[in-house]
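According to numbering that gives the first Met the number 0, the residues represented by the sequence shown are 0 to 409, in order. Just so it is clear, CB atoms sit at the ideal spot from N, CA and C, and this is done for glycine as well.
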Amino acid sequence: MNMRQFTKIAVVAAAVFLLAAPPARAADAVTANDTALFLAGMMPSADSPLMPLTRDPLWQRHARSFDAAFAQLEERQLSKIRAWASANLAAPKPTMFYMFSGPDFLYADAFYSKATTYVLSALEPPGSVPDLARLPPGGVGAALYNVERSMGSILSFSFFITKQMKVDLREGQLSGTLPILYVFLARSGKTIREVSPVALDDKGAAYFAGENPGRNATHGLRIVFSGSDGQQKTLYYFSTDLSNPSVRVTGFLKFCETLAPGNSLIKSASYLLHSGNFSTVREFLLSHSATIIQDDSGIPLASYSPRTWRFFPFGRYAGPIDKFPGMYQANYAELFRRAQPMDFGVGYRWRSYESNLLLAVRTAADDAGGADTISATPSAESAPPKPPRPRGPRPPAPIGQSHRYFWFSR
0 MNMRQFTKIA VVAAAVFLLA APPARAADAV TANDTALFLA GMMPSADSPL
50 MPLTRDPLWQ RHARSFDAAF AQLEERQLSK IRAWASANLA APKPTMFYMF
100 SGPDFLYADA FYSKATTYVL SALEPPGSVP DLARLPPGGV GAALYNVERS
150 MGSILSFSFF ITKQMKVDLR EGQLSGTLPI LYVFLARSGK TIREVSPVAL
200 DDKGAAYFAG ENPGRNATHG LRIVFSGSDG QQKTLYYFST DLSNPSVRVT
250 GFLKFCETLA PGNSLIKSAS YLLHSGNFST VREFLLSHSA TIIQDDSGIP
300 LASYSPRTWR FFPFGRYAGP IDKFPGMYQA NYAELFRRAQ PMDFGVGYRW
350 RSYESNLLLA VRTAADDAGG ADTISATPSA ESAPPKPPRP RGPRPPAPIG
400 QSHRYFWFSR
C-alpha cells in the first residue's frame, strides 16, 4: 500500500468515526464555576471535563499549596477582618467601590461581605481563561504555576506586586485579572453563575457582548455570583486609568455614580490620591461614599472635611515605607495617638503591629448623594477634633498621568 492509498483510507475512517460519535453533551462544556474551582485547587463538579485533570500530580500539589496558603490567610487576616467589620460597620450600603484594586475581590468581600454590587478598577486588563480541558500537554501545569506566582504577594502581604503579576499572567494560556478573580471567588465560597465582557461608553452606559460602546470605551468584566445563602450578587471589574486626563473623558465614574452612594475601600494605593493628578477620583470618593475604609496610602487626611466626616482610627501609624518618601502625614500621626487596637495587618506595612486602618464615616447631616443616615458602632467610639494642619514635608509634585511605574499598587 502506498502513502496516497493509506492517507485516503485514514480520511475515510476518520469521517466514519465522526459520523458515528454521539453528539456532545451539555456536561462536556467547562463552566466558569468549574474553571474557578479547578484554578483554586478545589474539586470541580463530578461531571466536569476537568475532573480527569485533578488526578495530575501537578494539580494535586497546587491544591495542597493553596489549601495551606488560604487556611493561613483565613486565620491570620480574613476572619479577623470580618469580625472587625461586623463590630464596626452597622449599616453598609449595597454597593462598594474599590479603586486601584487590581483583582483583589478577597479583601473587598472580607471588609464588605454584605454588599450586593462590587466595583473594582485598576490598570490591569480583564484578561481571559481558555477551556482548560483543551490545553496542550503541560499547559495546565504551567498555567497553575503562573497563577500561584502572581498571587504570592497578596497571600503573604495583603497586596499585589503589580510588576510581578503582569509578568506572570502576561504570557501563556491565562492572562489579566480574570483567573485571579476566579480563584478568589471560589476560595471565598462563591458560586459563579455568569461571566460576560462589559464596556462603558463615555456617558457611563453599559454595553455587553455584540454591542458597540463607541470611542473612549472602558472595558471590563461582569461576574454574577452567589454565596452560601444563595443571594445573587454582581462583581464588576474595569480596566481604566484613574488619573485626571483619562478618567474625565471616560464614562467610568458616571457609571459608578448610578450605583452611589456606596462604601469604599482604599489600601496599598501608592499614595496616588495624594496627588493633584488624581483629584477627580478623590473627589468622587469623598462625594459618593457613605463610609471609607483606608490605610494611609489612601485619601490624605487634610482632604476630608471634619464637619462632614467622623474618624475612627485603628492600629498604629508608622509612616510610609521607604518606597514612598515624602508621604508622612503629621496630622495622621496625631489622629492615631487615640487609635483603637487592631489584631490584623493590612497594606504596605502588613505586619499587624505596624498596620493602620482609618474608618471615615459620613455624618447624617451631610449624606452622600442622598444617602440614608450612616451609623458605625466602633467599640470605643470617638470623634476627634479637626485634624491639625500638616507640619511635615510637603508631598511631591504631581506624579504624572499614569501610575504604571509604581512597583506596589495594591
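{"query": "Where the alpha helix (DSSP H) containing Tyr303 begins and where it ends", "result": "Careful: Tyr303 lies outside any alpha helix (DSSP H) and carries neither H nor E."}
{"query": "Distance CB(Tyr352)-CB(Asp295) smaller than 7 Å", "result": "no"}
{"query": "For Leu88, the first and last residue of its enclosing beta strand (DSSP E)", "result": "First-last for Leu88: undefined, no H or E at that position."}
{"query": "Contiguous beta strand (DSSP E) assignments of at least 3 residues, all confined to the stretch 293-365", "result": "308-314, 355-361"}
{"query": "Identified DSSP bridge partners for Gly219", "result": "Val197, Phe237"}
{"query": "Unbroken alpha helix (DSSP H) run spanning Tyr181, endpoints", "result": "177-186"}
{"query": "Spatial neighbours of Asn32 in its chain, beta-carbon cut-off 7 Å, leaving aside the 5 residues before and after", "result": "Thr190, Ile191"}
{"query": "Bridge-paired residues (DSSP) for Leu119", "result": "Tyr97, Tyr236"}
{"query": "Assigned exposure category for Gly101 - 16 Cβ within 10 Å defines buried", "result": "buried"}
{"query": "Beta-carbon proximity list for Pro340, same chain, < 8 Å, skipping 5 on both sides", "result": "Phe313, Gly314"}
{"query": "Proximal residues to Lys428 (C-beta, below 8 Å), its chain only, five neighbours per side dropped", "result": "Any property of residue 428 remains undetermined from this structure, which presents the chain solely from 0 to 409."}
{"query": "Distance, Met42 Cα to Pro48 Cα", "result": "12 Å"}
{"query": "Other residues of its chain near Leu357: CB distance less than 6 Å, five sequence neighbours each side excluded", "result": "Gln293, Pro312"}
{"query": "Sheet register partners of Ile291 (DSSP bridge)", "result": "Ser263, Ala359"}
{"query": "Glu210 classed as buried or exposed, judged by whether at least 16 other C-beta atoms fall within 10 angstroms", "result": "exposed"}
{"query": "Span of the alpha helix (DSSP H), counted from its first residue to its last, around Arg60", "result": "56-72"}
{"query": "Per-residue burial, Thr239 [other beta carbons within 10 Å of its own, 16 or more giving buried]", "result": "buried"}
{"query": "Rounded Cβ spacing between Gly261 and Ser227 (contact assumed at less than 8 Å)", "result": "Contact doesn't hold; Cβ gap of about 23 Å is too wide."}
{"query": "Through-space distance from Asp200 to Arg214, alpha-carbon basis", "result": "7 Å"}
{"query": "Arg81 versus Arg348: straight-line alpha-carbon distance, rounded", "result": "20 Å"}
{"query": "Distance between Leu88 and Asp66 (C-alpha atoms, nearest Å)", "result": "30 Å"}
{"query": "Neighbourhood of Val139 by C-beta, 8 Å cutoff - its chain only, sequence neighbours within 5 removed", "result": "Leu52, Asp55, Leu57, Trp58, Leu131"}
{"query": "Selected residue, minimal CA-CA separation from Trp308, among Ala363, Leu105, Pro91", "result": "Ala363"}
{"query": "Inter-residue spacing [alpha-carbon to alpha-carbon] between Leu134 and Ser174", "result": "14 Å"}
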